[in-house]
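First comes the structure, then the notes that go with it.
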Amino acid sequence: MTAPLIEGLYREGEPIADTAAPKVPIETMWTQRKFDAQLVNPTNRRKLDVIIVGTGLAGASAGATLGEAGYNVKSFCYQDSPRRAHSIAAQGGINAAKNYKGDGDSIYRLFYDTTKGGDYRSRETNTYRLAEVSADIIDQCVAQGVPFAREYGGLLDNRSFGGVQVSRTFYARGQTGQQLLIGAYQALERQIGAGTVKMYARHEMLELIVVDGKARGIIARDMVSGEIQTHLADAVVLATGGYGNVYFLSTNAMGCNVTASWRAHRKGAYFANPCYTQIHPTCIPVSGDHQSKLTLMSESLRNDGRIWVPKRREDCEKDPREIPEEDRDYYLERLYPSFGNLVPRDIASRQAKNMCDEGRGVGPKVGDFRRGVYLDFKEAIGRLGEDAVRAKYGNLFDMYKQITGEDPYQVPMRIYPAVHYTMGGLWVDYDLQATIPGLFVAGEANFSDHGANRLGASALMQGLADGYFVLPNTIRDYLASGPYEPIDEQHPAVVEAQDAVEGRIATLLGINGDRTVDSFHKELGHIMWEYCGMERTEEGLRKAIDLIRSLREEFWRNVRVLGAADTLNQSLEKAGRVADFLELGELMCIDALHRRESCGGHFRAESQTEDGEALRHDDEFLYVGAWAWGGDNSEPILHKELLEYEAIELKQRSYK
Amino acid sequence: MKLTLKIWRQTGPEDKGGVVTYPINDVSEDMSFLEMLDVLNEDLIAKGEEPVAFDSDCREGICGMCGVMINGEAHGPERTTTCQLHMRSFRDGDEIVIEPWRADAFPVIKDLCVDRGSLDRIIQSGGYISANTGSAPDAHATPVPKEDADRAFMAAECIGCGACVAACPNASGMLFMGAKITHLGEFPQGQPERDARVLSMTAQHDEEGFGGCTNLGECSRACPKGIPLNVISQMNGDLLRATRHQA
Ligand SMILES: Cc1cc2nc3c(=O)[nH]c(=O)nc-3n(C[C@H](O)[C@H](O)[C@H](O)COP(=O)(O)OP(=O)(O)OC[C@H]3O[C@@H](n4cnc5c(N)ncnc54)[C@H](O)[C@@H]3O)c2cc1C
Ligand code: SF4
Ligand code: FES
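Chains as they are written, first to last, in full-length UniProt numbering: chain A, 1 to 656; chain B, 1 to 247.
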């Protein structure tokens, strides 16, 4: 079946399966698993060391919970404080099957919507559990003092998010991520104060230590002193977030990276579904080459804004207010009459790109193209009045004005899609354990719950579900067999990991070439966006792989990293991250190339219906692609985990 | 635009540090302040000079990681974070002085980066509600009046950037601390620890080397999230109450 085009790029290995989920009906599975997991006597917990890398929703909640339970926790993050983890930026909200509105919501319905939104490429058992523990998350956060929006009666308010018919999204204005993270951060700080958690801020994990096949620690760099440190433990948790920054421009924070996951991957952890990226349709477009990041504008704007581009290319430079109605193309309303401007994220994004590729984009030219479409509130202002629009979207309009210098009450906003969220990540079983025993992966860093797409408001839910409720129960089972045999810092595996880190740093500082790290990162990002972005073709992906390989070769020959290893050195930090992105990027393209179907955010041009819609192939691709590292000069190995849907029926989607 | 940047350079905590002048051309008004520094750094690297170290992460005004003094003002001339400040706030030919946050409790690490760990330690000393995972009552068990919830939310918007401290002539951390005490103190859940919280947090604040509040109001004027001065009064009220209860 393998087409000649793909030959030599990867090998296929043995299938892989999750063996951790108990063989009982899905409704009782999680209860059963918790019951089966061995217990650890409270006095023994103190003797067990757990390393948690990452202090976002997943890592901070896991750290706080394991600390409370009495384990000896070491927690790491690269920012100056755990409170700054990228979860803080999430705007919209968090889903939970509380049915507070009495509108017929239930665990099953949340599970159903999430699985469907993932285009049936997530694992059913994990997704069901996510829906099951969702209600507990809200209770926990409220008890901590998270200021969710409330109604006048004092009860919690909900909003409805795209793609579903119930109102199940809890929110705190446009700052849900911030408020949830501060809750988890405070719980974590409480444990730090109590001495159960030791915090290592401004520390970056650069290597995983694997001894006798088990994860036993990490090598971290103190980013202030440059000291390379060895930290050993009985188990390691990675909660290091997503890898969207492989595209350089994204809505992610500047420091988001794949290093922790990638280093674990090279040590034997499988990387699943790397090509699944979520693209968000409403971001502020790029304004020039200097741009460092893209800013998300809440999707709620699509409720009242109308999206259009000029019908004629000649009009693209004109003041939009001077383009009469008949010369405007409200393309979403034209192409999708029943959903109009509210089509799902992937469709809205792809059509915006199509318009710009046709040369009908608006806004400043960046390279050869104008990359922007109008999001116009003129009609809404006419219908509702400016005050009503201000009340609804005022803060977003202000933010837009702050960034672009244009007043969206007067001229239409410009928006363009941007990379937002990655659904792929390290492969884990039902226990969130990677293919390396003792390595657990939580939050956006694992692959399990989201499949190929994502509805809004489910990533926050997953981070907290994993950290507060799932991981503390499953890791217990692993830790119950510990403490594991103590290891010496002189152990060959430890020394090997240390040497690798020091060697890599010395190499990066020694190249002293001509090009800055950022210039490589930008070029990589450009390749990824062009060929492994919203729309992918066999030819483009093939080309991308070649381009990435030569860019990587040039990087190791020609990058310029100044300064020293034993001081705060931001270019060195970036260089290490970009080096790993240069390897991940290739794997993403190989994954995208082999998956000859359109699926969620992954639109494969060769696989579309007659009217240009995404076409899935369940007969061929109903599996998770879990990749094993093949070695430095060898191709990766694909292990397929077949997806079985028992609680849910597979359906094709249609938004016409 | 052409600008003259006067930037504080300091190789490490032990170094004395000093201001270095960098001319910069081709600054577009669409750049954020930090993107302008990115462009400067690319130039410096090309010339073989070490780039200027500064902190940032989200570049969206929400993580609180960025923050420098710009012409003597915390985060610069507009009431926003440094990452959300754009170059259109400046004019062609301007001279811009860029320094790190100034406060004893925020020692300089390198160039424009400072250590704000003292803010985390204030939170560790009591800036939380003790609620172990897994035993929380149903969220609807305790209704919260909307006005209280709104006030809690307003205070919870603090991003922990430290601009209030940097702007204060006494380098006081009262606005930051008052915001947390107000946030938690507005909720029924926050009541059992209310006295203990204000006592331990204020003690930690003083131990960290922050100064006292003399009601100058610079903190609130510099705060990118608009945290009002009255959170400090709320904190002082709580402190008074707690010391009375103790007596
Ligand atoms: C702009 C934006 C808006 C969003 N809005 C929503 C929304 O409304 N609803 C929703 O559900 N989801 C939303 N998401 C997605 C959601 O925010 C993320 O998926 C989620 O917060 C990820 O949490 P996390 O804990 O897995 O990782 P993160 O919060 O990214 O945390 C990663 C942690 O790992 C640390 N780290 C990383 N690498 C290393 C290393 N090598 N060494 C040491 N530490 C390391 C970091 O310091 C950090 O502490 C949004 C995302 C973005 C970008
Ligand atoms: S109170 Fe304002 S200025 Fe002070 S740390 Fe909080 S957000 Fe920053
Ligand atoms: S970089 Fe996050 S607030 Fe400025």
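By construction, the Cβ of each residue, glycine as well, lies at the ideal position given by its N, Cα and C atoms.
The beta carbon of V53 (chain A) sits closer than 8 Å to at least one heavy atom of ligand 1. For W101 (chain B), no alpha helix (DSSP H) run applies, since DSSP gives it neither H nor E. DSSP, reduced to helix, strand and coil, places Y393 (chain A) within a helical segment of the structure shown. Excluding sequence positions up to five before and after V494 (chain A), its CB lies within less than 7 Å of the CB of I209, T230 and I487, all in the same chain and listed in chain order. Bounds of the beta strand (DSSP E) holding G18 (chain B) are G18 to I24.
For N230 (chain B), the uninterrupted alpha helix (DSSP H) run begins and ends at N230 to Q246, by DSSP. For D55 (chain B), the closest of A:K214, A:G154 and A:A253 by C-alpha to C-alpha distance is A:A253.
Under the three-pair Cβ rule at 8 Å, the stretch 51-63 of chain A counts as touching the stretch 463-472 of chain A. Taking the Cα of G212 (chain B) as reference, the smallest distance to any Cα among B:T82, B:L175, B:P23 and B:E60 is reached at B:L175.
Per the coordinates, the alpha-carbon of T202 (chain B) lies some 46 Å from the alpha-carbon of N303 (chain A). Taking C-beta atoms as the reference points, L199 (chain B) and F90 (chain B) fail to come closer than 9 Å. Residue contact check for M201 (chain B) against chain A: no CB pair falls below 9 Å. Excluding five sequence positions before and after Q186 (chain A), the CB atoms of its chain that fall closer than 7 Å to its own CB belong to Q144, given in chain order. Cβ contact annotation for E132 (chain A) (same chain, cutoff 6 Å, sequence separation greater than five): W30 and I107, in chain order.
Under the 9 Å criterion on CB atoms, C141 (chain A) is classed as interfacial with respect to chain B. Spatial neighbours of E12 (chain A) in its own chain (CB-CB distance under 6 Å, excluding positions within 5 residues in sequence) are listed in chain order as L638. Using a Cβ-Cβ cut-off of 9 Å, E204 (chain A) does not count as an interface residue toward chain B, since no Cβ of chain B sits closer than that to its own. Burial state of T19 (chain A) is exposed, judged by a 10 Å Cβ sphere holding fewer than 16 other Cβ atoms.
Scanning its chain for C-beta atoms nearer than 7 Å, with the 5 sequence neighbours on each side dropped, one finds no residue around D139 (chain A).
The alpha-carbon separation between A90 (chain A) and T251 (chain A) amounts to approximately 10 Å. At a beta-carbon threshold of 7 Å, the residues of chain B lying near M254 (chain A) are S56, D57 and R59, ordered along the chain. If you draw a straight line from the Cα of I182 (chain A) to the Cα of P437 (chain A), it is about 31 Å long. About 5 Å separates the beta carbon of L156 (chain A) from that of F148 (chain A), a gap short enough to meet the 8 Å contact definition.
Within the stretch 583-606 of chain A, no residue has a Cβ lying closer than 8 Å to any Cβ of chain B.
In this structure, DSSP gives R173 (chain A) a state outside helix and strand, which the three-state scheme calls coil.
At a threshold of 8 Å, C83 (chain B) counts as near ligand 3, since its beta carbon sits closer than that to one of the ligand's heavy atoms. Nearest neighbour of Y22 (chain B) by Cα position, chosen from B:A247, B:V97 and B:T133, turns out to be B:V97. Contact with chain A is found for N132 (chain B), since one of that chain's Cβ atoms lies less than 9 Å from the residue's Cβ. For T133 (chain B), the CB stays at least 8 Å from every heavy atom of ligand 1.
Neighbourhood of D30 (chain B) in chain A, by CB distance below 9 Å: S287, G288, H290, Q291, P364, I403, T404 and G405, in chain order. Within the stretch 198-225 of chain A, the residues whose Cβ lies closer than 8 Å to some Cβ of chain B are M199, A201 and V224, listed in chain order. G213 (chain A) sits away from L396 (chain A), with the two beta carbons spaced by 9 Å or more. Think of a sphere of 7 Å around the beta carbon of G193 (chain A): the chain B residues whose beta carbon falls inside it are Q124 and S125, in chain order. In the displayed model, I137 (chain A) falls within a helix according to three-state DSSP. In the structure shown, I192 (chain A) adopts helical secondary structure according to DSSP, grouped into three states. As computed with DSSP, F76 (chain A) is found in a beta bridge with A:V53 and A:Y200.
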